[in-house]
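From first to last, the protein sequence lines stand for chains A and B.
The first sequence begins at 47 in my numbering and counts up one residue at a time.
The second sequence begins at 47 in my numbering and counts up one residue at a time.
Positions of the beta carbon are idealized from the N, C-alpha and C atoms, including for glycine.
Shown next, in structure tokens, is the structure this report addresses.
Protein chains: 2
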Amino acid sequence: MQDILFDFLSKYVSLTDEEKNAIVSLDIFHSIKKGTVLLEEGQTSKENYFVLKGCIRSYYVINGEEKTTAFYTEMEAFTPHCVVSKTPSEYYVSCIEDSIILISNSDMVEEVNGKFPKFDTLCRILSEELLAKQQIDFDEFKISSPEQRYLNLIQKRPDLIQRVPQHQLASYLGIKPQSLSRLRARILGKSKG
Amino acid sequence: MQDILFDFLSKYVSLTDEEKNAIVSLDIFHSIKKGTVLLEEGQTSKENYFVLKGCIRSYYVINGEEKTTAFYTEMEAFTPHCVVSKTPSEYYVSCIEDSIILISNSDMVEEVNGKFPKFDTLCRILSEELLAKQQIDFDEFKISSPEQRYLNLIQKRPDLIQRVPQHQLASYLGIKPQSLSRLRARILGKSKG
DNA sequence: ATAATTTCTTAACTTAAGTGAACGTTTTAA
DNA sequence: TTAAAACGTTCACTTAAGTTAAGAAATTAT
Chain A
47 MQDILFDFLS
57 KYVSLTDEEK
67 NAIVSLDIFH
77 SIKKGTVLLE
87 EGQTSKENYF
97 VLKGCIRSYY
107 VINGEEKTTA
117 FYTEMEAFTP
127 HCVVSKTPSE
137 YYVSCIEDSI
147 ILISNSDMVE
157 EVNGKFPKFD
167 TLCRILSEEL
177 LAKQQIDFDE
187 FKISSPEQRY
197 LNLIQKRPDL
207 IQRVPQHQLA
217 SYLGIKPQSL
227 SRLRARILGK
237 SKG
Chain B
47 MQDILFDFLS
57 KYVSLTDEEK
67 NAIVSLDIFH
77 SIKKGTVLLE
87 EGQTSKENYF
97 VLKGCIRSYY
107 VINGEEKTTA
117 FYTEMEAFTP
127 HCVVSKTPSE
137 YYVSCIEDSI
147 ILISNSDMVE
157 EVNGKFPKFD
167 TLCRILSEEL
177 LAKQQIDFDE
187 FKISSPEQRY
197 LNLIQKRPDL
207 IQRVPQHQLA
217 SYLGIKPQSL
227 SRLRARILGK
237 SKG
């Protein structure tokens, strides 16, 4: 299990056994059941997530309606806004499959980063990379129509379309579930002629 | 001029004179004329931007049409995707006002970061903060209609509405210029009753 | 200063998304 | 195992954005 993490990290920096032990000693490996809510609106959590297996989802609840904004799957990291801003969370995070998640506390991370400067470099590289990736995702969302976004999703994250309920996918694409159904029917009609 | 930068940085870390000199010696202060293109599609630049005064804009050109995806104004930093991914840029960056921009080369930054570990911490904090901020912006974009996005922009970045041409604002909001005109007329009608 | 270009707005028409409702299917819980 | 709830699709209707075109206003270049 830990090997998966260290294989991933080895792409960015090489870690000594001492450094690896420092990570392991944080005791961050967790098995999470489908449906578990990891973060609730209003909480000021300090927890960062890294998905080893499974899928977590972030969503707002507006007028009783869920608005899904992101899915994080294998080898993706997620630091909720409230952890950085130290203000109450405006959204929820929950687990949509039985998952194995690394959950680390910001205070712990800072402590370890203080001891091992290499971790600062690692975190910087990871968040710079994530920032750049997210910027591209945002750009693509802005310059695309809902239909283009859906087609784009089929290309880039085909797994999501299988493992995520339609109504969650719809709000992720910025539309209503009925519109996603219609849009899918439209595409199917086009490809048939 | 330099004071503006160091005042800003002092919010995150305290720098010694030696560290400040290291930054100054990079010779990164530039005066840029309105209309200057800083990055073209296809280029694999290594330049990072930090706006001290003025405004820069990133935009794609798709079928001859500009799609504006971001504006960066005073005290905002921007690292184009190509700098991180080391692949040719898919978008342009240009200056929409006479501006003073810090332009730094990634290689130089890495060299200086090697000498002064504190800079790694600084860069990590800045990019984590930026990532969190960007995530919120993306979330708000997804869960809002064009009209809500426009009203939101009036609240959050009223200056942009003054200093940016309508057609650039429109594509930033994910709609056509004609739709923005209509939307504004609609809002005006509502407020009058 | 004037001409050329770009920008902004308005309008009529088309296309697609939002809304409310119905209905069959699937999943969840008792 | 059944009842209840949630989910996905379809439909008719409404609302808003896309498109094409035209003209006024502002900006830029000569």
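Around the beta carbon of Asp53 of chain B, a 10 Å sphere encloses fewer than 16 other beta carbons of the protein chains shown; the residue is thus reported as exposed. Secondary structure remark: continuous alpha helix (DSSP H) runs of at least 4 residues inside the stretch 66-144 of chain A, in chain order: 127-131. Nearest neighbour of Ser140 of chain B by Cα position, chosen from B:Glu112, B:Lys179, B:Ala231, turns out to be B:Glu112. By the Cβ-count criterion, Ile69 of chain A is buried, with 16 or more other Cβ atoms from all chains shown falling within 10 Å of its own Cβ.
Residue contact check for Phe117 of chain B against chain A: no CB pair falls below 8 Å.
A check of alpha carbon separations from Gln48 of chain A across A:Lys179, A:Ile147, A:Glu93, A:Thr119 identifies A:Ile147 as the nearest. Arg232 of chain B sits exposed, since fewer than 16 C-beta atoms from the chains shown fall within 10 Å of its C-beta.
Taking 7 Å as the cut-off between beta carbons, none of the residues of the stretch 81-101 of chain B comes near chain A.
Per the coordinates, the alpha-carbon of Ser190 of chain B lies some 9 Å from the alpha-carbon of Tyr196 of chain B. The three-state reading of DSSP puts Ser150 of chain B in strand, counting E and B together. Distances from the CA of Ser225 of chain A to each of A:Pro192, A:Glu186, A:Thr115, A:Ile200 were compared; the closest alpha carbon is that of A:Pro192. Pairing Ser131 of chain B with Lys164 of chain B, the inter-Cα distance amounts to about 24 Å. Nearest neighbour of Phe117 of chain B by Cα position, chosen from B:Pro126, B:Gly88, B:Pro134, turns out to be B:Pro126. Against Tyr106 of chain B, the close residues of chain A are Asp185, Ile189, in the order they occur along the chain (beta-carbon pairs closer than 8 Å). In this model, Ser104 of chain B and Glu64 of chain A are separated by some 43 Å (Cα to Cα). One Cα belongs to Phe184 of chain A, the other to Phe184 of chain B, and the distance between them is close to 6 Å. Annotation: Cβ neighbours of His127 of chain B in chain A (cutoff 9 Å, chain order): Ala178, Lys179, Gln181, Ile182, Asp185. Here DSSP, grouped into helix, strand and coil, assigns Tyr58 of chain B to coil. Assignment of Ser191 of chain B by DSSP, reduced to helix, strand and coil, places it in the coil class. If the five residues before and after Val59 of chain B are omitted, its C-beta is found closer than 7 Å to the C-beta atoms of Lys164, Thr167, Leu168, all from its own chain and listed in chain order. Under the three-state reduction of DSSP, Ile200 of chain A is assigned to helix.
For the stretch 159-170 of chain B, the set of positions with a beta-carbon nearer than 7 Å to some beta-carbon of chain A reads Pro163, Asp166, Thr167, Cys169, Arg170 in chain order. Look at Lys113 of chain B: its C-beta is under 8 Å from a C-beta on chain A. If you check each beta-carbon in the stretch 201-230 of chain A against every beta-carbon of chain B, the ones closer than 9 Å belong to Ser217, Tyr218, Leu219, Gly220.
The residue among A:Leu61, A:Ile149, A:Asn109 with its C-alpha nearest the C-alpha of Leu84 of chain A is A:Ile149. Residues of chain B with a Cβ closer than 8 Å to the Cβ of Ser152 of chain A do not exist, since the nearest Cβ in that chain sits about 10 Å away. Of the other Cβ atoms in all chains shown, fewer than 16 fall within 10 Å of the Cβ of Ser77 of chain B; this residue is therefore exposed. For the 8 Å CB-CB criterion, Glu136 of chain A and Tyr95 of chain A do not form a contact.
Contact annotation for Ser131 of chain B against chain A: Ala178 [CB-CB distance below 7 Å, chain order].
The three-state secondary structure of Val210 of chain A, taken from DSSP, is coil. Lys236 of chain B is classed as exposed because its beta carbon has fewer than 16 other beta carbons within 10 Å across all chains shown.
Taking each of A:Leu215, A:Gln194, A:Asn198, A:Ser152 in turn and checking the Cα distance to Phe124 of chain A, the smallest one comes out for A:Ser152. Taking Ile200 of chain B as the centre and dropping the five residues before and after it, the same chain places the C-beta of Ile207 closer than 8 Å to its C-beta, in chain order.
Of A:Asn67, A:Ser71, A:Val97, A:Thr82, the smallest CA-CA separation from Ile50 of chain A is found for A:Val97. In the assembly as shown, Gln181 of chain A is a buried residue. Its beta-carbon has 16 or more other beta-carbons within 10 Å.
Going by C-alpha positions, Thr115 of chain B is about 43 Å away from Asn67 of chain A.
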